[in-house]
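Going by the UniProt record's numbering, 10 is the number at position 10 of the sequence shown; the sequence numbering is gapless. Ideal placement from N, C-alpha and C gives every residue a C-beta, glycine not left out. Small disclaimer: the values here were computed from a predicted structure and weren't measured. Below is one structure, written out as structure tokens; comments come after it.
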Amino acid sequence: MPTQPADTQSKPTVAIIGAGPAGLMAAEQIASAGIAVEVFDSKPSVARKFLLAGIGGMNITHAEPYEDFVTRYGEARPYLQPMLDAFTPQQLRDWIHDLGIETFVGSSNRVFPTGMKAAPLLRAWLHRLREQGVVFHPRHRWSGWVDGQPQAGWRFDTPDGEIVRRFDAVVLALGGASWAKLGSDGRWFEPLAKAGITLNPLLPSNCGFEMNWSAFVQERFGGTPIKNIALSITTPGGREITRKGEFLITGYGIEGSLIYALSAPLRDLLFSDSEQPAELRLDWLPAHREETIQTKLSQPRKGLSFANLLRKRLHLPPVTSALLKECCPQLDTQDPKAIARALKSMPLRPVATRPIDEAISSAGGVPFDEVNSALMLNKLPGVFVAGEMLDWEAPTGGYLLTGCFATGKRAGQGLVRWMSID
């Protein structure tokens, strides 16, 4: 197998492996410091997941109050907040504006580039990086180290066979394990584990869940949106979380923005040994008290079927009666009090997550106690980690991208400082 000799140049050699938002942001920090940097990626072009995510509208960040924004990172907040403080959502917007792309705040405080697309932003960014001297190596898949040691050489599979390179410092930004066809396939897990890095299992995040729907629900209501409702969950730690919005009934179960927002605690309950059920509670009428609903249902029915009763008295769609019968099989549809109680807290009990490759993002990976505050691996000096390789997660709505940018900036700046000290 042909092997390219390691570089013997006296000037520092720095690499970014993974050309998504975190990797590109790290490259910008390093290049801005006057250090030559090369970016390696397994795909023919960069930032493929970033581009695909932007097809329906590039939600780049979120404009809610910052004190609320940082809470969206859950248990990882203590680690991520210093990085977010150093690259806030507003600073991210300013950075985009400096690339010549304007942004605006849409519904629900989500922030988008003008034009809603990722491609113009990426083109402007790549132009800046190339002007800074960043060199890109597409179709270079990192496959591990020579003898399992970074200092012995970094191995890459290329169209011309395997090559080996040596670097003074590296930022790994290879993503998680969702959307493998776009590059985030989790293949980095094995070489890091062999190097003695403690890793947490990669798990689906912002994912759909499978339900044991009847054939009737699958065929009649698959693809039906459930709107203007609230979902609640009690976390494994006993905390109550409630979110309002909408989600989608699918042939296999449930998905959509409101499901994604609660996917982490729901997944954790599914995968835990706890006796606590993995359950969401659906409130069909969050603006109405249970007593008010009961009063409306207590009026004479005048021959109305259950579905028509809910439609005429409460303006609820046909899917409501179908799901109540599915999820509350013991419900007495002649008892107004029981119906009102079920409408305010209908259980949804999924049986599994969808496969990780279908998930929008993933959790797990490199725990924060395996890196220092600059995101350098404690056991591999000179090797930094950024983006979804780190063990954190956040809901959709711009939080994921903001976290990737912030960790990429921290890793890039950390590498620059380490090079100057070293």
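- Task: Could you check the C-alpha separation between R417 and D369 for me, to the nearest Å?
- Result: 20 Å
| query | Helix or strand or just coil, what does DSSP make of N59? | reply | coil
Going by DSSP, which residues form a beta bridge with M346? L282
Review point. Can at least three beta-carbon pairs, one atom from the stretch 279–293 and one from the stretch 338–349, be found at a separation below 8 Å?
Key: yes
**Message:** Using 8 Å for Cβ pairs, my map puts L199 next to V371. What's the rounded Cβ distance?
**Reply:** Between V371 and L199 the Cβ distance is about 12 Å, and since that is not below 8 Å, they are no contact.
- Message: Could you compute how far the alpha carbon of G175 sits from the alpha carbon of N206?
- Response: 15 Å
Between T407 and A22, how many whole angstroms is the CB-CB distance? I'm expecting something under 8 Å.
Correct: roughly 6 Å between the Cβ atoms.
**Report entry** Runs of alpha helix (DSSP H) wholly within the stretch 187–256 (minimum 4 residues, chain order)
**Finding:** 189–194, 215–221
Checklist line | Among K49, S32, Q91, the one whose alpha carbon lies nearest that of G18 | finding: That would be K49, whose Cα lies nearest to the Cα of G18.
Output the distance between the C-alpha atoms of W213 and S45, rounded to the nearest integer angstrom. 41 Å
key: Selected residue, minimal CA-CA separation from I259, among G183, S42, P395, C327   = P395
* To do: With a 10 Å radius around its C-beta and 16 neighbouring C-beta atoms as the bar for buried, classify L52 as buried or exposed.
  => With fewer than 16 other Cβ atoms within 10 Å, it is exposed.
Q: Return the Cβ separation of L99 and E28 in integer angstroms, given the expectation that the two are a contact with Cβ distance under 8 Å.
A: Contact doesn't hold; Cβ gap of about 11 Å is too wide.
ask   = In chain order, what residues of the same chain have a beta carbon less than 7 Å from the beta carbon of S362, not counting five sequence neighbours either side?
value = G176, A177, S178, L202, L203, P204, S205, I356, E388
Spatial neighbours of L400 within its chain, please: C-beta separation below 7 Å, excluding the five flanking residues on both sides. S361, A394
Would you call the stretch 216–224 in contact with the stretch 183–191, where contact means no fewer than 3 C-beta pairs closer than 8 Å? no
At which residue ranges does the stretch 18–68 contain complete beta strand (DSSP E) runs of 3 or more residues, listed in the order of the chain? 37–40
- Looking at C-alpha atoms only, which residue of E38, T235, Y79 is the closest neighbour of R410? Y79
Cβ neighbour criterion (16 or more within 10 Å) applied to V383:
buried
* For I421, does the count of other Cβ atoms within 10 angstroms reach 16, so buried, or fall short, so exposed? -> exposed
Which residues in the same chain have their Cβ closer than 6 Å to the Cβ of V135, if we skip the five residues on either side of it in sequence?
E38
| request: Quick one: residues in its chain with C-beta nearer than 8 Å to the C-beta of A338, no 5 flanking neighbours on either side, listed in chain order? | output: These residues qualify, in order along the chain: L331, D332.
Note to self: I'd like the span of the beta strand (DSSP E) that includes I421, first residue to last.
What the structure shows: In the DSSP assignment, I421 falls outside any beta strand (DSSP E) and lies within the alpha helix (DSSP H) extending over 399–421.
*According to DSSP, is V14 helix, strand or coil?*
strand
Alpha carbon to alpha carbon, how far is R267 from S298? Give it in angstroms, no decimals.
38 Å
Touch test, the stretch 261–280 against the stretch 235–245, Cβ-Cβ under 8 Å, three pairs minimum = Two segments are said to touch when three or more pairs of C-beta atoms, one from each, lie closer than 8 Å; by this definition the stretch 261–280 touches the stretch 235–245.
Subject >> Residues of its chain near L262, where Cβ-Cβ distance is below 7 Å and the 5 sequence neighbours each way are ignored >> reply: L231, I233, I241, R243, L280
Task: Whole-angstrom distance between K43 and R141, CA atom to CA atom - done: 8 Å
message = With the cut-off set at 8 Å, would you say G412 and M376 are in Cβ contact?
response = Contact: no.
Original post:
Does the beta-carbon of P82 have 16 or more other beta-carbons within 10 angstroms, so that it is buried, or is it exposed?
Top reply: exposed
Original post:
Using the rule of at least 16 other Cβ atoms within 10 Å of the residue's Cβ for burial, across every protein chain shown, is P150 buried or exposed?
Top reply: buried
Q. Rounded to whole angstroms, how far is the Cβ of I60 from the Cβ of L24, which I believe are closer than 8 Å?
A. Contact doesn't hold; Cβ gap of about 14 Å is too wide.
Exercise for the section: Output the distance between the C-alpha atoms of A119 and A264, rounded to the nearest integer angstrom. Expected result: Cα to Cα, A119 sits roughly 30 Å from A264.
* Asked: Where does F167 fall in DSSP's three states?
  -> Here F167 carries a coil assignment [DSSP, helix/strand/coil].
With 16 other Cβ atoms within 10 Å as the buried cut-off, status of F104 | exposed
Margin query: For V319, report the span of its alpha helix (DSSP H) as first-last.
Written below: 318–327
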